[in-house]
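A.B. asks:
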Amino acid sequence: MAIKLHTIGQIEHGVYPYENAVASADTFNGAFGDVSSGKFTVGEKKAKAIMQIERGDDEYMPTYPIRKDEQVRVINLEKLDGEIIEVYGDELPTTVAVGNKLESDATGNLVTGASAAPYLEVTKVIGNHLGVEVKVVAK
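Heads up: the sequence shown runs through residues 18 to 156, numbered per our numbering.
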């Protein structure tokens, strides 16, 4: 999965929503979780996600693997509350529609049915369900 900022202005205007961490286990780009003592661990109902720059043979694949102990860039979506971002990849639910509220499950994937923040509200389906534009609701 890939998470992308929707506009360059989201990083140009003083908001730097990233922190460095190390993956605590094998996971994937776009996995949701939390950072504790410098370690990223996947988890449910979380507002942080791996937002790694993809390189090498797996670049642009629907699932980009992240290996245990790999340095990762983690985005804190609480700093982007109310903003639009884009999400792509196999870790999206198989059926997604405008208005769905997505939250992370225990594997770091996104699932529909969120009832409380943090969640991502689908505002647009991109292409043939390849990705979605979502509004971040973190608080």
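Ideal Cβ placement from N, Cα and C applies to all residues, glycine included.
Computed from a prediction, not measured in an experiment: that's the story for all the values here.
Enumerate, from N- to C-terminal direction, the unbroken beta strand (DSSP E) stretches of 3 or more residues contained entirely within the region 115–144.
C.D. replies: Complete beta strand (DSSP E) runs here, min 3: 118–121, 127–129, 136–143.
A.B. asks: Is E36 helix, strand or coil when you go by DSSP?
C.D. replies: Here the question's residue 36 lines up with position 19 in the sequence shown. Note: E36 maps to strand in three-state DSSP.
A.B. asks: With a threshold of 16 other CB atoms inside 10 Å of the CB of S121, please say whether the residue is buried or exposed.
C.D. replies: In the sequence shown, the residue the question calls residue 121 occupies position 104. Classification of S121: buried, given that the 10 Å Cβ count is 16 or more.
A.B. asks: Can you name the start and end residues of the beta strand (DSSP E) that K96 belongs to?
C.D. replies: Translated into positions along the sequence shown, residue 96 becomes position 79. First-last for K96: undefined, no H or E at that position.
A.B. asks: Going along the chain, which residues of its own chain have a beta-carbon closer than 7 angstroms to the beta-carbon of I102, five neighbours each way excluded?
C.D. replies: Here residue 102 refers to the residue found at position 85 of the sequence shown. Excluding residues within five positions, the ones whose Cβ falls inside 7 angstroms are I20, K21, L22, H23, V151, V153.
A.B. asks: Please confirm whether F45 and T80 have their CB atoms less than 8 angstroms apart.
C.D. replies: As a first step, residue 45 must be located in the sequence shown, where it is residue number 28. As a first step, residue 80 must be located in the sequence shown, where it is residue number 63. The answer is yes: Cβ separation under 8 angstroms.
A.B. asks: Assign G73 to one of three DSSP states: helix, strand, or coil.
C.D. replies: Counted from its first residue, the sequence shown places residue 73 at position 56. It is coil, neither helix nor strand.
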